[in-house]
Amino acid sequence: MTDIFDELQWRGLVAQSTDEAALREALAEGPLTLYCGFDPTAPSLHFGNLVQLVVLRHFQRAGHRVICLVGGSTGLIGDPRPTSERVLKTKEQTADWVARIQEQVRPFLDFEGDNAALLVNNLDWTAPISALDFLRDIGKHFRVNHMVRKEAVAARLESEQGISYTEFSYQILQALDFLELYRAHGCTLQTGGADQWGNLTAGVDLVHRVEGASVHCFTTPLLTDAAGTKFGKSEGNAVWLGADMTSPYAFYQYWINVEDASVVKLLKVFTDRTPEEIAAAEEQVAQEPFRRTAQRILAADVTTLVHGAEATAAVQAASEALFGRGDLTALDPATLGDATAELPGADLEVGTSLVDALVATGLVDSRNAARRTIGEGGASLNNVKLTDPEQALGEHDFLAGQVAVLKRGRRNLAAARKA
RNA sequence: GGCAGGUUGUCCGAGCGGCCAAUGGAAACGGACUGUAAAUCCGUCGCGAGAGCUACGAAGGUUCGAAUCCUUCACCUGCCA
């Protein structure tokens, strides 16, 4: 599959695009320059951003010039959400997050060599513009009539709390980026998530008005599971790319647990597997679902992409040891230590009640919940179901004298390390 | 500016002086089952071992007793200026 656009479509990475024929032609003519922006709304990128990073990666490999933008200015304003106004973050915090995200993005693209990706910050060209110049030079090109049609803005205009002028201006600020990158680097394509369509086209329009040039954009689809729920949440928490926010173990487990009905779709999106490999995986889901081969490939590939091969090997070994059929007490101390090192946990004294241990390790939210879980038969210690809420951690419960494995339900594990 | 209505647990949404930690639905979690999948059925779903404590926009008040009544404040909605 040589055509990049064909490949992206086959992978399910294209939702909506400006004139597809023109875009295909532009891509076929030779390397073009494209960009995708990431706003610093948190100290780490997350699942949704990973889709964009994967897209950029495909483009760079296909020989196109990739610009990765971190939104030092747009992050100060905030893209309006359809539901409610954002609370402004301080400039210091935003700058800190920009720095973190700039680092986080590095492994996904090649920033060295002939076709090095470019890392830019829109604050560099936005900060120097005066309010008056902004209104005269940029604002004049935007019709409010058109701006209010944008989905998130329209929703907010309908909502009880309305929308601040600050957030209303967001799309102009983002459009300005496209113009700037077009001028400075000949950038003619912007990509983004499905919810960014309005912002992307605002940029396309601005470049067209000011420079008379036709540029392009396309969005990736919102990824949902069979029930139509967004992917990227685990136990109600976002799946982050930062190891300090979502541990590599938790990250790997997230992918391992993907439902059968979605695993093929996610393999296409997030891995570099070929159509043949994916067809084989699909076949295995159908024929031998209990082996979870597709999920294992998905989890391994994506974890390697985000955390590296070494981390993947570690969490695979841990998962194997902890979820394997083998008796936990039979594990050798080294394997046990490595496996449990990946788990969330707590340092606990001999004699700590299991109720307290379940709370301390974060497996449940409260002592009540712990008792409930034990009462429901949903908790186990070293793979032995707990029945007595009053039971306490005994000396012999610490396997190899160091760690006890607590489990809630089928798949939530934690380590109680001997203090 | 005037008048009327609203603000309930993660979300939606009942309750309108005691039987209300608060009906119902969704989400979520656990069990039964396989496969660390889905579907289905059952259960759980503020904190606390318990007594009890904290919760129904905020602050006061009435009452033996308030999510429910009164006052003030904030925000929203509708009608009239």
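All residue numbers for the first sequence refer to the working numbering, where the first residue is 492 and numbers rise by one.
Note that beta-carbon positions come from the ideal geometry of N, C-alpha and C, so glycine has one too.
C-alpha gap between residue i and residue j, whole angstroms
i: T826; j: A590; result: 37 Å
i: N540; j: L697; result: 25 Å
i: R572; j: Q882; result: 48 Å
i: G723; j: L536; result: 12 Å
i: R901; j: G866; result: 15 Å
i: A841; j: A851; result: Note that residue 841 is Val in the sequence shown, not Ala. Between V841 and A851, the C-alpha separation is close to 14 Å.
i: L854; j: A891; result: 22 Å
i: G562; j: L614; result: 7 Å
i: R700; j: D628; result: 12 Å
i: K631; j: D624; result: 10 Å
i: R863; j: E511; result: 56 Å
i: F529; j: A752; result: 30 Å
i: H887; j: A906; result: 15 Å
i: T524; j: G604; result: 16 Å
i: P835; j: L560; result: 34 Å
i: L499; j: V505; result: 6 Å
i: V894; j: D829; result: 11 Å
i: Y745; j: V545; result: 18 Å
i: V542; j: V635; result: 31 Å
i: T720; j: E768; result: 27 Å
i: Q681; j: F814; result: 43 Å
i: V596; j: G569; result: 20 Å
i: A912; j: H798; result: There is simply no residue 912 to check, as the chain begins at 492 and stops at 910 in what is shown.
i: L547; j: W616; result: 23 Å
i: Q775; j: A837; result: 39 Å
i: S738; j: R858; result: 25 Å
i: F742; j: G733; result: 10 Å
i: W731; j: S725; result: 10 Å
i: S621; j: L757; result: 45 Å
i: P880; j: S810; result: 27 Å
i: A490; j: R783; result: No information on residue 490 is available, as it lies outside the stretch 492 to 910 that the chain covers here.
i: A513; j: E520; result: 11 Å
i: L664; j: Q593; result: 20 Å
i: T509; j: Y740; result: 39 Å
Presumed contact (8 Å Cβ cut-off) between residue i and residue j, rounded CB distance
i: K898; j: A870; result: 7 Å
i: H707; j: V695; result: 7 Å
i: L819; j: V749; result: Not quite, the Cβ-Cβ distance comes to about 26 Å (not below 8 Å), so this is no contact.
i: T794; j: A802; result: 7 Å
i: G683; j: T710; result: 6 Å
i: A729; j: F538; result: 7 Å
i: A910; j: L849; result: Contact flag wrong, Cβ pair sits at about 16 Å.
i: A618; j: S564; result: 7 Å
i: L904; j: L845; result: Wrong, their Cβ atoms sit about 15 Å apart, outside the cutoff.
i: E833; j: A805; result: 7 Å
i: Q507; j: A666; result: 17 Å between Cβ atoms; not a contact.
i: G503; j: P712; result: 7 Å
Beta-carbon proximity list for residue i, same chain, < 7 Å, skipping 5 on both sides
i: C515; result: Per the sequence presented here, residue 515 reads as Arg, with Cys not at that position. Around R515: F496.
i: G554; result: P522, N606
i: Q487; result: The structure shown does not extend to residue 487, since the chain is modelled only from 492 to 910, so the question has no answer here.
i: Y656; result: none
i: L672; result: Y526, I558, C678
i: K582; result: L567
i: F633; result: I663
Own chain residues within Cβ distance below 8 Å of residue i, not counting five before or after
i: I654; result: P571, E576, V644, R647, L648
i: K876; result: G868, A870
i: Q551; result: V557, L600, D601, N606, A608
i: A808; result: T826, D829, A830
i: R674; result: E702
Same chain, Cβ closer than 6 Å to residue i, neighbours up to 5 away in sequence not counted
i: L714; result: F722
i: W588; result: P531, P534
i: G755; result: Going by the sequence as given, residue 755 is Val instead of Gly. Correct list, in chain order: E773.
i: L567; result: T585
i: M736; result: S535
i: I747; result: Q786, A790
i: F669; result: Q681, G694, V698
Check: residue i C-beta below 8 Å from any heavy atom of the ligand NAP
i: G719; result: With respect to small molecules bound, the structure shown includes none, and the ligand NAP cannot be examined in it.
- [ ] Mind listing, in chain order, the continuous alpha helix (DSSP H) runs of no fewer than 4 residues lying wholly within the segment 823 to 851?
- [x] Taking only runs of at least 4 residues, the alpha helix (DSSP H) segments lying wholly in the segment 823 to 851 are 824 to 832, 845 to 851.
Open item on the list: So within the segment 547 to 609, which uninterrupted alpha helix (DSSP H) runs reach at least 4 residues, ignoring any that extend past its ends?
Closed with: Counting only runs that start and end inside the segment 547 to 609, the alpha helix (DSSP H) elements of at least 4 residues fall at 565 to 568, 582 to 596.
Task: Touching by the beta-carbon criterion (3+ pairs, under 8 Å), the segment 753 to 773 and the segment 781 to 791 - done: yes
Task: Runs of alpha helix (DSSP H) lying entirely within the segment 712 to 800, each at least 4 residues, in chain order - done: Counting only runs of 4 or more, we get 739 to 747, 751 to 761, 766 to 778, 784 to 798.
TODO: Report yes or no: do three or more beta-carbon pairs, one from the segment 554 to 564 and one from the segment 595 to 610, lie closer than 8 Å?
DONE: yes
Task: 3-residue-minimum beta strand (DSSP E) runs that sit fully inside the segment 513 to 540, ordered along the chain - done: 524 to 529
Task: Contiguous beta strand (DSSP E) assignments of at least 3 residues, all confined to the segment 650 to 710 - done: 678 to 684
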